[in-house]
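The structure appears below as structure tokens.
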């Protein structure tokens, strides 16, 4: 980067830039219209975070101008050269852009208000939406409120940059604490059942934080963050620290905390939340399996749900008295056979795709997944698999004289977590083993891996088989839990959601996958299972899609990346940065534009 | 393909001592051929014995399959062009098609309510076509701008995963906007409902229309790619992006053109869907998308004529295959297995003939 380009660009961005204004204002406006038009505002308005002032719907709607304002003031530093300094022009720009965003949304509301016929085609665009967008103040004056609010939020967003880093971080921690305490309301209520003063202080009786408790929480969290920042808590290092000793120590501590939590938590939680925890566990199991296939070996498997289905159906057929199989086993006797079938399925799917390029492999596995589902569903094979009815009356897991199924959810959680622990142990041991290193080599460059003597055929098959076996754990547990297995549970969306869990958490990192499963399945919910935010129901998959795009564009290594994977993914960027100008464009392109 | 040399080396070695992977693949090959042959013989025997479908029914089935194949072919063009130029599978192309069909539905519905649909059917269909093409083109360009542009030069799987995200995002955005119910296009105008008589063959008007539209679009596309400057730029960029840029071609703009043209073809396919099936909802694009991708691979990805041919072949295979092969084997509930046949075709094509029937046309980077 030469000094000349820096100087040339500096005055241009410092001036009030109309194109930039329209871009930011337009994008924020579009985002707000999107939230309203898809019905998110209306649906999430029923979920109050702080009663009675802030609902989930408004939080999502109004975060758009705030984020926009923040982005207006954001400066990126490339190769040590910072872009033009922030000026007051940025503040004006953020305010006006917020105004524009609000006006666009108000205009949209006015449009919906004048053409009630729109509702025939767009069921969400009704009077309810208009009244929410005008804050219930009627059509006339109401249209002016939103632009004003958006402008203020835009200004607040850009103002964040004038605070010290420390204060900004503290405010962020405070806001995050308030929102997550509100989201985790049912968990907190369950856990503090023995000390009900706390939840009674925190939450309004009708749900949501009370205003006072929200303020207290915010102040406490922000204050704690402000004063503790930069101070090292003894014994607690960073999980992503470069120092191996420190990383080891902190992961040991994290593991101990997780262990204690897994033992204690199911006892404290009620039935609904234990159900949720079981679902998280099942998805975590599958996530760990897919992590081996995608994260370790670099094979993008889009039909991973097929192995889950094979596990569940095998268990169902072997244990249900209604199945076509003439004999009947109990869960433990059937388990080895389930694993064997899954391993066979892994070989069967893995062998044909061994010599295939990565993207074709993804599509073929997707095809396999769908074929398996259609076959389970078909009338042709219904004598075996029960067609659309599925296999019913699957018994639970026999322990002593009891049978633990979906109705004894507290005990079932322990089973699930036990298998999760096994899967995590397997993943952890495999990571740096001989085969684990072979996978890493193969992922980075297959030809070179082969050249240094790695048997890539064996390595790929082993990845598929291990992944399949871990998914069949989940399948076997799932069958015992729900008692009825039918093809509807194994749609392609399950594969995609597992993939999102792995990618958001951090490919190739066990802790990352665990975090991904907890956050996504726990809060948003699985394909057919509600999470803590039940209101997300119909928008879940929209959010998953958006998350996938966002992660791939901004943070392909995930929230908790494995060190090696992050290096691989960003290597090219470091090399590229040398050729970029300050707005991220190629230096040479300016003349053409 | 990432491993041409290494593969050639393995092939030489393997020719002396086949590994068990080869044996496995050969077993699948032979199994597939035996099953297909058995089914064919069964069907022929059935036919000779006067059971099953009559000759006219078979012919109608084939014509319907051909028109559906033409639709797959038009969709396949989008996959093929993007793969040829950028080297990744644009999984969201099916949703580009769906968006055209959904917005086209609004137009059709409006035309129907206004009475234009019945009074002037040709004009109405033309308006729907324009609306669908514009929508699909717009969505394709937007998706490229927002999701894919930043990922040029990223490892191949990253844009693929992104496009899966785009696909689900678009699907459920449309589900949220329009609701999940299936909406039906108004009935095709009276004059199209009959059948055309060509030399003793009676072919449904709608099939004729679809096939004619497909042929016209193909001619238009062929003209665009081979005879115009933009088309030339497209081919140059597909061949080698860097050298094309050195020759003064605006690579970014050319890539936008590729997405726009692919989107426009998807819009045409959306109209065909409206004529053939009428019902649309947010999930309409998913299966046709995957089938069109299969067609693109079948015809040799990157190869535009191949994409059309692959589409027609797949349409035939999917339309006639279940009855001809599975019916011949005596399997009940054959129509349920239509998608199984399509997916099996997908797997078999990708495993045994990834370069397609007519050969791939890929850029230099993808060939290495």
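Chains as they are written, first to last, in this note's numbering: chain A, 1 to 593; chain B, 594 to 961.
All residues carry an ideal CB built from backbone N, CA and C; glycine is no exception.
Asked	Found
Anything in the segment 723-754 of chain B with a Cβ closer than 9 Å to a Cβ of chain A? List those residues in chain order, please.	739, 740, 743, 744, 746, 747, 748, 749, 750, 751, 752, 753, 754
Can the beta-carbon of residue 510/A be found closer than 9 Å to that of residue 551/A?	no
For the segment 267-287 of chain A against the segment 510-527 of chain A, do three or more pairs of beta-carbon atoms, one drawn from each stretch, fall closer than 8 Å, so that the two count as touching?	yes
Jot down the residue ranges of each uninterrupted alpha helix (DSSP H) in the segment 871-949 of chain B, minimum 4 residues, whole runs only, in chain order.	879-891, 897-914, 931-945
Step through the CB atoms of chain B and report whether any lies within less than 9 Å of the CB of residue 100/A.	no
Is the beta carbon of residue 809/B closer than 9 Å to that of residue 367/A?	no
Would a check of beta-carbon distances place residue 775/B closer than 9 Å to chain A?	no
Distance, Cα to Cα, residue 984/B vs residue 804/B?	The displayed coordinates of chain B run from 594 to 961. Any statement about residue 984/B would go beyond what the structure contains.
Can you confirm whether the segment 898-908 of chain B touches the segment 678-692 of chain B when touching is taken to mean that 3 or more C-beta pairs between the two stretches lie within less than 8 Å?	no
Tell me the DSSP secondary structure of residue 741/B in three-state form.	helix
Residue 194/A versus chain B: which residues are under 9 Å apart at the beta carbon?	Neighbours of residue 194/A on chain B: none; closest Cβ ~41 Å, over 9 Å.
Would you say residue 932/B reaches chain A, if we count a Cβ-Cβ gap shorter than 9 Å as a contact?	yes
Answer yes or no: does any C-beta atom of chain B fall closer than 9 Å to that of residue 601/A?	Residue 601/A is absent from the structure shown; chain A starts at 1 and stops at 593.
Just the chain B side, please: which residues come within less than 7 Å of residue 559/A by C-beta, in chain order?	The premise fails here: residue 559/A is roughly 16 Å from chain B at the closest Cβ pair, so nothing lies under 7 Å.
Thinking just about the alpha-carbon of each residue, which of 128/A, 114/A, 258/A is nearest to the one in residue 39/A?	128/A
Grab the span of the alpha helix (DSSP H) containing residue 963/B for me, first residue to last.	The displayed coordinates of chain B run from 594 to 961. Any statement about residue 963/B would go beyond what the structure contains.
Mapping DSSP to helix, strand and coil, what is residue 522/A?	helix
Give the DSSP bridge partners of residue 795/B, in chain order.	790/B
Would you say residue 503/A lies against chain B (beta-carbon separation less than 9 Å)?	yes
If we require 4 or more residues per run, which alpha helix (DSSP H) segments fall completely within the segment 239-296 of chain A?	244-268, 271-290
For residue 737/B and residue 327/A, I'd like the C-alpha separation in whole angstroms.	56 Å
Roughly how many angstroms separate the alpha carbons of residue 885/B and residue 152/A, rounded to a whole number?	49 Å
Under 8 Å: do the segment 820-839 of chain B and the segment 690-704 of chain B share three or more Cβ pairs, one atom per stretch?	no
From residue 881/B to residue 926/B, what distance separates their C-alpha atoms?	21 Å
Count the other CB atoms, across all protein chains shown, that sit within 10 Å of the CB of residue 4/A; report buried if there are 16 or more and exposed otherwise.	With a pLDDT of 41 at residue 4/A, under the threshold of 50, the predicted position of this residue should be treated as unreliable, and no value is reported.
Please confirm if residue 353/A has its CB atom under 9 Å from at least one CB of chain B.	yes
Taking the runs of the alpha helix (DSSP H) that are 4 residues or longer, which of them lie wholly in the segment 633-689 of chain B?	648-679
Among the residues of its own chain, which have a CB less than 6 Å from the CB of residue 665/B, if the five just before and after it don't count?	884, 885, 888, 904, 907, 908
Are there three or more Cβ pairs, one per stretch, closer than 8 Å when the segment 750-767 of chain B is compared with the segment 719-727 of chain B?	no
Please report the residue range of the alpha helix (DSSP H) in which residue 325/A lies.	That residue, residue 325/A, is in no alpha helix (DSSP H); it is neither H nor E in DSSP.
Contact defined as beta carbons within less than 8 Å: I believe residue 622/B pairs with residue 910/B. What is the distance between those atoms, to the nearest angstrom?	Not confirmed; about 17 Å, so no contact.
Does the Cβ-Cβ distance between residue 297/A and residue 460/A come in under 9 Å?	yes
Starting from residue 854/B, follow the alpha helix (DSSP H) in both directions and report where the run begins and ends.	844-869
For residue 391/A, list the residues DSSP reports as bridge partners.	485/A
Would you check if there are 3 or more beta carbon pairs closer than 8 Å linking the segment 54-67 of chain A to the segment 19-39 of chain A?	yes
May I have the straight-line CA-CA distance separating residue 311/A from residue 486/A, to the nearest angstrom?	12 Å
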